[in-house]
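**Q**
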Amino acid sequence: MILLIFWQKFTTAASDKRLAYGEQFTVKIDLKDSGVGPEDLKLTMLHPPFTTHGYSKSQRMLVLEPVSFVDSQITAVAPASGKLAPPGYYLLYVVHRGLPSRGMWVHIQ
383 MILLIFWQKF TTAASDKRLA YGEQFTVKID LKDSGVGPED LKLTMLHPPF TTHGYSKSQR
443 MLVLEPVSFV DSQITAVAPA SGKLAPPGYY LLYVVHRGLP SRGMWVHIQ
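Numbering (the numbering used here), first residue to last: 383 to 491.
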């Protein structure tokens, strides 16, 4: 139960869901812990795999460092190119002190 104190949720209506390569984007989280700093947060993007004949391909995880964190709003920079993150949909997570949030679908191109 103590982990629920630190579990963050996106405020999806106030978060960017369309990302552009190398551009800044913002996400808003419902913050329950008042003592959080940028060093406590990370953003991860997971590209879902596709499976063929029992073999999964294309899965990847990208770790993005926040540029700023003000009033429960995180600003970060999207991956620089399609070589790191092929265009498409990704699950974006906020990781707060090692505990991931519920994912939010974003699209990058």
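Even glycine gets a Cβ: it sits at the ideal position worked out from N, Cα and C.
Predicted model, so just to flag it, every value in this text is computed and none were measured.
Suppose contacts are defined by Cβ-Cβ distances below 8 Å. Is alanine 458 in contact with leucine 444 by that definition?
**A** No.
**Q** At the level of alpha carbons, what is the spacing between glycine 419 and serine 438?
**A** So the alpha carbons of these two residues sit roughly 36 Å apart.
**Q** Kindly give me the distance between the Cβ atoms of histidine 489 and leucine 401, rounded to whole angstroms, as I take these residues to be in contact under 8 Å.
**A** Yes, they are in contact, since the Cβ atoms of histidine 489 and leucine 401 sit about 7 Å apart, within 8 Å.
**Q** Could you check the C-alpha separation between arginine 429 and alanine 460 for me, to the nearest Å?
**A** The question names arginine, yet the displayed sequence has histidine at residue 429. So the two alpha carbons sit approximately 14 Å from each other.
**Q** If you count every other CB in all the chains shown that lies within 10 Å of the CB of valine 409, and 16 or more means buried, which is it?
**A** Answer is buried; the Cβ neighbour count reaches 16.
**Q** Under the assumption that serine 454 contacts leucine 413 (Cβ atoms under 8 Å), give the Cβ distance between them as a whole number of angstroms.
**A** Contact holds; Cβ gap of about 4 Å.
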